[in-house]
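Numbers given in this note's numbering equal positions in the sequence shown, counted from 1, plus 515.
Beta carbons: idealized from backbone N, C-alpha and C, even for Gly.
A quick note: this is a predicted structure, and the numbers were derived from the prediction, not measured.
The structure appears right after this line, and notes come after that.
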Amino acid sequence: MNMEIRYAAHPQDVKSYDTARLRAEFHSGNLMVSGEINLVYTHYDRFIYGGVFPVWEPLSLPNYDALKADYFLERRELGIINVGWKGKVTVDGEEFELQNLDVLYIGKGKKEITFESIDPNSPAKFYLNSSPAHQSFPTVKATKEDANIVDLGTQVAANKRTIYQFIHEDGIQSCQLVMGVTELKAGNIWNTFPPHTHDRRMEVYFYFDLPNDQIVMHFMGQPQETRHLAVKNEEAVISPPWSIHAGAGTSNYKFIWGMAGENKSFSDMDGVPLQDVL
Numbered sequence: 516m517n518m519e520i521r522y523a524a525h526p527q528d529v530k531s532y533d534t535a536r537l538r539a540e541f542h543s544g545n546l547m548v549s550g551e552i553n554l555v556y557t558h559y560d561r562f563i564y565g566g567v568f569p570v571w572e573p574l575s576l577p578n579y580d581a582l583k584a585d586y587f588l589e590r591r592e593l594g595i596i597n598v599g600w601k602g603k604v605t606v607d608g609e610e611f612e613l614q615n616l617d618v619l620y621i622g623k624g625k626k627e628i629t630f631e632s633i634d635p636n637s638p639a640k641f642y643l644n645s646s647p648a649h650q651s652f653p654t655v656k657a658t659k660e661d662a663n664i665v666d667l668g669t670q671v672a673a674n675k676r677t678i679y680q681f682i683h684e685d686g687i688q689s690c691q692l693v694m695g696v697t698e699l700k701a702g703n704i705w706n707t708f709p710p711h712t713h714d715r716r717m718e719v720y721f722y723f724d725l726p727n728d729q730i731v732m733h734f735m736g737q738p739q740e741t742r743h744l745a746v747k748n749e750e751a752v753i754s755p756p757w758s759i760h761a762g763a764g765t766s767n768y769k770f771i772w773g774m775a776g777e778n779k780s781f782s783d784m785d786g787v788p789l790q791d792v793l
């Protein structure tokens, strides 16, 4: 059960990165591997993200030496979104069934977390976000119907999309984790454009429900020093607080966004006019 460590990078240094270095620092593939838990620990706000893909046997969330804790959630909270078929998460003996795009928030202090698929022939895939927590909040399950739903964009601009806000200041309560899903409508390809940064929070995007023969070009970097990453289905990108985070796909797609940092205000962002993007 792997947990990769990623260090923070200064924007002045990132200017000199070639494609391979940029991908090594900010891109994550192979998060959803059958029968495995694969997590990434980034030094940006000590955020953890990754995939749990149980098939024939349940998988238990392990403790990792990098956490220097007695158990994973001793000083952390956890958000889970199922991007596969029907599955089950057991939290200290309490069972929660999760359909596709159901969400489960688990607060600080829970000790035993187990993941399993209801039908191994149609397995669940659980995407995880975790951040440090200094207060404990109740475990809460939510469906898409429970989310705060925001429709944005236009067909003319090819960015018509629906945002499902799950873990946020007016939704499921957390210590600092913010999490939700954005779904692009058919015929629309752009997300988070015009772009923004939010210097008080970092963010991770996990792209999914993208056809395997299609890609998303994810744009990152300071607004005047943009770079791009080619992202495939079920891959993720770390977005530092100083970076824009936007993308254009060769098909419509969905992505999970997770944030942690100074506050939980979804609207706390610094917009960047298009004429200032280079």
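Determine whether the beta carbon atoms of residue i and residue j lie at a separation below 8 Å.
i      : j      : result
Ile682 : Thr557 : no
Pro756 : Gly776 : yes
Ile704 : Val655 : no
Asn553 : Asn517 : yes
Phe641 : Gly602 : yes
Arg676 : Asp783 : no
Starting from residue i, follow the alpha helix (DSSP H) in both directions and report where the run begins and ends.
i      : result
Arg491 : Past the edges of the chain, shown from 516 to 793, lies residue 491, and the structure says nothing about it.
Asp666 : Looking at the DSSP string, Asp666 is not in any alpha helix (DSSP H); the run it does join, the beta strand (DSSP E), is Asn663 to Leu667.
Gln680 : Where Gln680 is concerned, there is no enclosing alpha helix (DSSP H), although the beta strand (DSSP E) it sits in stretches over Arg676 to Ile682.
Pro526 : Pro526 to Val529
Would residue i pass as an interface residue toward chain D - the criterion being a Cβ-Cβ separation below 8 Å?
i      : result
Arg591 : Of the protein chains in the structure, only one exists, and it is not chain D.
Could you tell me if residue i is buried or exposed, where buried requires 16 or more neighbouring beta carbons within 10 angstroms of its beta carbon?
i      : result
Gln680 : buried
Arg536 : exposed
Gln737 : buried
Ala520 : For clarity, residue 520 is Ile in the given sequence; the question names Ala instead. Ile520 should be labelled exposed.
Ala701 : exposed
Ser632 : buried
Gln527 : exposed
Gly803 : With the chain represented from 516 up to 793, any question about residue 803 goes unanswered, as that position is not in the structure.
His760 : buried
Gln691 : buried
For residue i, I'd like the list of residues in its chain whose CB is within less than 6 Å of its CB, leaving aside the five on either flank, ordered along the chain.
i      : result
Thr629 : Pro573, Ser575 and Thr605
Ala648 : Arg591, Glu592, Lys623 and Cys690
Ser645 : Ile563, Arg591 and Leu593
For the beta strand (DSSP E) containing residue i, list its first residue and its last residue.
i      : result
Leu725 : Note, Leu725: premise wrong, no beta strand (DSSP E); not H, not E.
Lys659 : Unbroken run through Lys659: none, as it is neither H nor E.
Lys603 : Gly602 to Val606
Glu612 : Glu609 to Leu613
Just to confirm my understanding: we take residue i, look at its own chain, exclude 5 residues before and 5 after, and list those with CB closer than 8 Å. What are they?
i      : result
Arg538 : Leu744
Ala523 : Thr557, His558, Tyr559 and Pro755
Enumerate in chain order the residues of its own chain whose CB-to-CB distance from residue i is below 7 Å, with the five nearest sequence positions on each side excluded.
i      : result
Ala584 : Asn578 and Arg590
Mind pulling the beta strand (DSSP E) runs of 3 or more residues that sit fully within the region 741–789? 742–746, 750–754, 759–764 and 769–776
Entirely enclosed beta strand (DSSP E) segments - the region 548–600, minimum 3 residues: 552–557, 562–567 and 591–597
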